[in-house]
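So the protein sequences, as listed, match chains A and B.
Numbering of the first sequence is given in this note's numbering, commencing with residue 26 and proceeding in unit increments.
Numbering of the second sequence is given in this note's numbering, commencing with residue 98 and proceeding in unit increments.
What follows is a short report on a single structure.
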Amino acid sequence: MANAAELLDTLSLVDCAAAIAAGDVSAEAITGAVLDRIDRFDGQFGALLHVDREGALATAASTDQARKAGAALGPLAGVPVTVKDLISVPGMPLTAASKILRGYEPPFTATVARRLRDAGAVIIGKNNLDEFAMGSSNENSAFGNVANPWAPDRVPGGSSGGSAAAVAAGYGFGSLGTDTGGSIRLPASLCGVVGIKPTYGRVSRYGVVAFASSLDQVGPLALTVDDAALLLSVIGGHDALDSTSATEPLGDLRSGPGSLEGRRIGVPREFLDDAEGLDPGVASCIRGSIDALKSAGATIVDVSLPHTPLAIATYYLVATAEASSNLSRYDGVRFGHRATLAQGEGITDLYERSRGEGFGPEVKRRIMLGTFALSSGYYDAYYERACRVRRLIHDDYVSALKSCDVLVGPTSPVPAWRLGECTDDPLAMYLMDIFTTGASLAGVPAMSVPVGTTQNLPVGLQLIGRHFDEETMIDVARGLEKALNLGVQRPNLDALADESKP
Amino acid sequence: MSDTIDRATVQRVARLARLRLSDAEQDSLVDDLQRIVAYVEKLQSVDTSAIQPLVHMTIDAMPARKDVAGQPLGTDKALANAPEAADDAFVVPRVVGS
């Protein structure tokens, strides 16, 4: 049998599933190698909030037994993965990286977790994140920052920063994140992995902590396009437990020619030629990728998303308004943190003090902004106006995608920035979402694919598809991956470990 | 800067949001919200009078499930995470006549 630790650095998720199914490596050995790696590195990266060592090894062992007995195996049989700690997995705590949920054990199973397990995946543990998924750098977790495995003095992006860092560091072969305004795509870009935000309604949100219900989607992060597509094919599709989940067929996500011949690919000028604050190194990587798409037979089309400069303002009003409503459930009554009351204090003190003690600064800021935008006298000028502008943004995307199969541009305006660089300026942090919030507001699918580096830091290209047409978007991404022929780029963790030695 | 937000606004909104904030938190929220609200004022530049708000994203009618009773969570599980419970119920401070 092959050395499991070496396989962890060479296999993709698709390869790993095939190797386990063929008996080339045991699920127990590969799971053991993942656990060893977490023991060795996660003190430095902080990408996990919970590790289910016994549960993971037991699942892996039973997968190996089932294989030996000749039982039919699921498409992810024995493959170690992690999930963002916003997703309910039975037997594991759920914190949403918030003090207000410390010690909470969810009584239900998220549909996405059930589907992962039904497909045979070994869920290793829960990824760190920005508290309640509110952040772009993973510096808003109540349980510590996450470091970028490519450069530990830099952020991994957020809010699914723990998921992206875990995939980059080889803590298993994939992760599930959530994306409300860019929270899968941005960290995928900064950590050099693939991340997909599916169409709104594509993936069930049952058992997933709600942030902004007209925007939230669960999606995969993985090392390659095929890996992420396989994960999406497992978790996607209608779920009777989520009334907002759609019935449109998923299409064939797992295999496609990756042919770019005849594809029409739009480049929004607001994302490149007219983009403000775009790092020249990032711009150069994106232009190089567009040239590669063209050389491989695609037709590049100049398009416009004219309301792009309004996307962040629209997003931060809509998302915070919805969050202020969704987060009203954390009141210290049924679950979560409850403040200790003084003599004579009543129910309103219980609510106000439990919430004041339990939520972190960014969550409070967003609840305050959202409550303000919905409050009497301001509703029309802020929340409702944002919903009207959202219609314009939605129509921009639908219109541009009428003449193109997909749109492409940068995922993030800059590569990974230094820890602490933006933490004193919430607005500067919000501006990192300039290219990702539009697709969220429009509800269309979007993904980030690694396309190179600048200053030794990964750069991601964003692809944006038509509603419920992940199949075309993923196939263009597959074609881009082939055209660039970069192979899977992994950070050199051993060098980092040597550097950090005294 | 937006003059829409002052300390009284922050205190009023905090009451609406049921958030107990320290003086220092109130100070920094006045600053942060002034800057953020000034930024989102850019939406006022668009004429939106003829545009329907986009509030719900679900494109088609939500599919209905069969009207069959499922398994409820059960009292024990529902109360398992309660900060305080007694007699199959959540316990809260006195609400009436306090």
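In this text, a Cβ means the ideal position worked out from N, Cα and C, and glycines have one as well.
None of these values were measured; they are calculated from a predicted model.
Top-ranked residue by Cα proximity to residue i, from the options
| i | options | result |
| --- | --- | --- |
| residue 320(A) | 382(A), 508(A), 450(A) and 387(A) | 508(A) |
| residue 385(A) | 298(A), 257(A), 226(A) and 160(A) | 160(A) |
| residue 480(A) | 493(A), 179(A), 109(A) and 91(A) | 179(A) |
| residue 121(A) | 417(A), 102(A), 165(A) and 502(A) | 165(A) |
| residue 442(A) | 453(A), 434(A) and 432(A) | 453(A) |
| residue 291(A) | 79(A), 432(A), 517(A) and 242(A) | 432(A) |
| residue 233(A) | 151(A), 34(A) and 70(A) | 151(A) |
| residue 374(A) | 111(B), 163(B) and 172(B) | 111(B) |
| residue 34(A) | 341(A), 248(A) and 271(A) | 248(A) |
| residue 511(A) | 218(A), 78(A) and 69(A) | 218(A) |
| residue 326(A) | 153(A), 426(A) and 134(A) | 426(A) |
| residue 148(B) | 439(A), 418(A) and 270(A) | 418(A) |
| residue 262(A) | 486(A), 251(A), 333(A) and 278(A) | 278(A) |
| residue 113(B) | 518(A), 421(A) and 389(A) | 389(A) |
| residue 75(A) | 48(A), 135(A), 308(A) and 113(A) | 113(A) |
| residue 164(B) | 400(A), 265(A) and 517(A) | 265(A) |
Cα-Cα separation between residue i and residue j, rounded to whole angstroms
| i | j | result |
| --- | --- | --- |
| residue 285(A) | residue 445(A) | 41 Å |
| residue 346(A) | residue 44(A) | 47 Å |
| residue 120(B) | residue 393(A) | 15 Å |
| residue 97(A) | residue 151(B) | 46 Å |
| residue 143(A) | residue 288(A) | 36 Å |
| residue 280(A) | residue 36(A) | 18 Å |
| residue 65(A) | residue 52(A) | 20 Å |
| residue 267(A) | residue 436(A) | 29 Å |
| residue 188(B) | residue 372(A) | 11 Å |
| residue 161(B) | residue 226(A) | 15 Å |
| residue 380(A) | residue 125(A) | 7 Å |
| residue 298(A) | residue 502(A) | 22 Å |
| residue 185(B) | residue 173(B) | 8 Å |
| residue 360(A) | residue 496(A) | 40 Å |
| residue 335(A) | residue 412(A) | 12 Å |
| residue 527(A) | residue 78(A) | Note on residue 527(A): pLDDT 48, under 50, position unreliable in the model; no value is reported. |
| residue 244(A) | residue 132(A) | 22 Å |
| residue 424(A) | residue 179(B) | 49 Å |
C-beta contact flag for residue i and residue j at 8 Å
| i | j | result |
| --- | --- | --- |
| residue 84(A) | residue 147(A) | yes |
| residue 434(A) | residue 293(A) | yes |
| residue 476(A) | residue 216(A) | no |
| residue 458(A) | residue 207(A) | yes |
| residue 532(A) | residue 237(A) | Since the first residue shown for chain A is 26 and the last is 527, residue 532(A) is missing from the structure and cannot be characterised. |
| residue 70(A) | residue 190(A) | yes |
| residue 149(A) | residue 196(A) | yes |
| residue 162(A) | residue 187(A) | no |
| residue 127(B) | residue 102(B) | yes |
| residue 256(A) | residue 213(A) | no |
| residue 50(A) | residue 32(A) | yes |
| residue 220(A) | residue 202(A) | yes |
Cutoff 8 Å: residue i Cβ touching any chain B Cβ
| i | result |
| --- | --- |
| residue 222(A) | no |
| residue 274(A) | no |
| residue 527(A) | Residue placement at residue 527(A) is flagged as unreliable, the pLDDT there being 48, under the threshold of 50; the coordinate-derived value follows with that caveat. Taking Cβ atoms only, chain B never reaches closer than 8 Å to residue 527(A), which makes this a no. |
| residue 381(A) | yes |
| residue 75(A) | no |
| residue 132(A) | yes |
| residue 444(A) | no |
| residue 426(A) | no |
| residue 393(A) | yes |
| residue 451(A) | yes |
| residue 209(A) | no |
| residue 413(A) | yes |
| residue 422(A) | no |
| residue 341(A) | yes |
| residue 244(A) | no |
| residue 329(A) | no |
Below-8 Å beta-carbon distance, residue i vs any chain A residue
| i | result |
| --- | --- |
| residue 190(B) | yes |
| residue 111(B) | yes |
| residue 129(B) | yes |
| residue 143(B) | yes |
| residue 168(B) | no |
| residue 104(B) | no |
| residue 179(B) | yes |
| residue 137(B) | yes |
In chain order, which continuous runs of the beta strand (DSSP E) of length 3 or greater are located wholly inside the stretch 455-481 of chain A?
-> 471-479
In chain order, which continuous runs of the alpha helix (DSSP H) of length 4 or greater are located wholly inside the stretch 100-131 of chain B?
-> 104-113
Could you tell me which uninterrupted alpha helix (DSSP H) segments, each at least 4 residues in length, are contained entirely in the stretch 42-106 of chain A, listed from first to last along the chain?
-> 52-70 and 78-93
At which residue ranges does the stretch 225-311 of chain A contain complete alpha helix (DSSP H) runs of 4 or more residues, listed in the order of the chain?
-> 250-260
In chain order, each alpha helix (DSSP H) run of at least 4 residues that lies wholly inside the stretch 306-369 of chain A = 336-351
Please go through the stretch 116-177 of chain A and give each complete beta strand (DSSP E) segment of 3 or more residues, from N-terminal end onward.
-> 147-152
Which whole runs of the alpha helix (DSSP H) in the stretch 138-192 of chain B are 4 residues long or more, in chain order?
-> 172-176
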